[in-house]
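Q:
Residue numbers (full-length UniProt numbering): 1 to 304.
#1: Taking just the CA atoms, how far does residue 67 sit from residue 12?
#2: Once the 5 residues before and after residue 194 are set aside, which same chain residues still bring their CB inside 7 Å of it?
#3: Distance check for residue 289 and residue 295, CA to CA, integer angstroms please.
#4: Tell me the rounded alpha-carbon separation between residue 163 and residue 226.
#5: Which ranges would you report for the alpha helix (DSSP H) in the region 216 to 270 if only whole runs of at least 4 residues count?
#6: Expressed to the nearest angstrom, what Euclidean distance is found between the alpha-carbon atoms of residue 239 and residue 196?
#7: Quick test of your reading: residue 102 and residue 38, contact by CB under 8 Å. State the CB separation rounded to the nearest angstrom.
#8: Would you please state the rounded distance, in angstroms, between the beta carbons of residue 236 and residue 117? I believe it to be under 8 Å.
#9: CB residue 273 to CB residue 258, shorter than 8 Å?
#10: Pick helix, strand or coil for residue 31, following the three-state DSSP scheme.
#11: DSSP three-state call for residue 120: helix, strand or coil?
#12: Could you say if the region 88 to 99 and the region 124 to 138 meet the contact criterion of at least three C-beta pairs nearer than 8 Å?
#13: Keeping to the same chain, check which residues put their C-beta closer than 7 Å to that of residue 167; ignore five residues upstream and five downstream.
#14: Distance check for residue 131 and residue 49, CA to CA, integer angstroms please.
#15: Taking residue 301 as the reference, give the member of 191, 112, 120 with the closest Cα.
#16: Can you list, in chain order, the residues of its chain with a C-beta nearer than 8 Å to that of residue 73? Leave out the 5 residues immediately preceding and following it.
#17: Enumerate, from N- to C-terminal direction, the unbroken alpha helix (DSSP H) stretches of 4 or more residues contained entirely within the region 37 to 81.
#18: Please state the DSSP three-state secondary structure of residue 112.
#19: Can you name, in chain order, every residue of its own chain whose Cβ lies under 6 Å from the Cβ of residue 188, other than the five neighbours on each side?
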């Protein structure tokens, strides 16, 4: 990321990126963790918290949350890697197994795995696998549930002309912008996603406030977004699973605990947070999210 793009980031995301860059430049991560692709978002002692990337594959959305979590314990992040950049998307359970392997290679045994949106679905499957392997831990899902549509027609619709709009809207809103600011009037938006991306590259960079983002950068991000979206669309969680703590956005979602009780009848602690899907990770809603995550950590520490 060049300096102009870095300055355009919100303060918390800029601080998170600069911290990651500084540790890489001075070799601050242990070799095993760097090799496993596990990012250390905050130093600490004791059992760690692991944050799993959302559908876009990046970790910057967690900047505000990381900053508000109580000091003391380390925080790590799993960003997307080659499994979501391959031509075909993986099964979500295979992706979760791969991420558990990344943690194992890095020598990290989490006390808590947290995920927002798509990341919550992956986190849930990760904790299911960890528990079966004799490494039980807690899980917090932030506005997460599977897609309601499935089948070939749903996948065709998912990958059609609307894919690029959804991708760009997700990028903008993850960075704090409002969706109505996106200019989609050009007929190039109706082209297949790859052609539209090439035709609209300059305009997209300007709308995203990301000067210097190359066409290859956007293409790679679109591949991750599309594969993660398909991965989620095809996933149907098996019955049973670990106890979970669940938050949902009051402005854009109903009570998600009702759905999860049918799917995962283990104990569920649910709470509604004022805000929409994206504002949950920004002030003021993120204060409630941080408190909820902290409560899960305290439960783990006291064995509740």
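All residues carry an ideal CB built from backbone N, CA and C; glycine is no exception.
A: Checking against the coordinates, here is how it stands:
#1: Any answer about residue 12 is weak, because its pLDDT of 46 lies below 50 and its placement is not dependable; what the coordinates show is given next. Rounded to whole angstroms, residue 12 to residue 67 spans 8 Å at the Cα level.
#2: none
#3: 10 Å
#4: 8 Å
#5: 256 to 263
#6: 40 Å
#7: 6 Å
#8: Going by Cβ atoms, the distance from residue 236 to residue 117 rounds to 17 Å, so no, they are not a contact pair.
#9: no
#10: Reliability of the predicted coordinates at residue 31 is poor, the pLDDT of 42 falling under 50, and no value is obtained from them.
#11: helix
#12: yes
#13: 222, 225
#14: 16 Å
#15: 112
#16: 44, 45, 46, 47, 48, 49, 111, 297
#17: 63 to 68
#18: strand
#19: 196, 199, 200
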